[in-house]
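In the numbering used here, the protein residues as written are 15 to 139.
A virtual CB, placed ideally from N, CA and C, is assigned to each residue, including glycine.
Notes follow once the structure below has been shown.
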Amino acid sequence: MKHQTMRRGIVGLLAAAGLLAGAAGVSTAQTPATTITATSADGKATPVHTLSQAGHYLVNGARIRTSPSTGSTTVGYGYTSHNATVYCRRVVGGVEWFYHTDTTTNVTGWSRYDVLVPFYAVGDC
Numbered sequence: 015m016k017h018q019t020m021r022r023g024i025v026g027l028l029a030a031a032g033l034l035a036g037a038a039g040v041s042t043a044q045t046p047a048t049t050i051t052a053t054s055a056d057g058k059a060t061p062v063h064t065l066s067q068a069g070h071y072l073v074n075g076a077r078i079r080t081s082p083s084t085g086s087t088t089v090g091y092g093y094t095s096h097n098a099t100v101y102c103r104r105v106v107g108g109v110e111w112f113y114h115t116d117t118t119t120n121v122t123g124w125s126r127y128d129v130l131v132p133f134y135a136v137g138d139c
């Protein structure tokens, strides 16, 4: 009985450490490290090493854009029934944008914080 209690305690500690590692930006089996290319506001591609996280759209018809700007071209639309993989974030003019892929349509681009939310925090692009 004493060994079972100790084993449960150790398993609990390991599980908690795994959750904390994922939240701290450490690569885990559920959040593998990914290298992506993000397009900056001036149109230059920049390699970004970051973690990807699952996310979801808050509205139907969320615009997916070529750059983090409402003036940029729309390349697709996200819907609440779609899943998203969020790679990183950028704040432009006080507005938070997420670089992501709509996994339903396979469209990659930028969406604002008010239409897309990652399930966990992601790093800066």
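It is roughly 19 Å from the alpha-carbon of Ser86 to the alpha-carbon of Tyr71. In this structure, the beta-carbon distance from Thr80 to Val89 falls below 9 Å.
Taking 9 Å as the cut-off, the Cβ atoms of Tyr93 and Gly108 do not count as close.
Residue burial annotation: Ser95 is exposed, with fewer than 16 other C-beta atoms found within 10 angstroms of its C-beta. Per DSSP, the beta-bridge partners of Ala68 are Thr99. The residue among Gly137, Gln67, Ile78 and Trp111 with its C-alpha nearest the C-alpha of Thr99 is Gln67.
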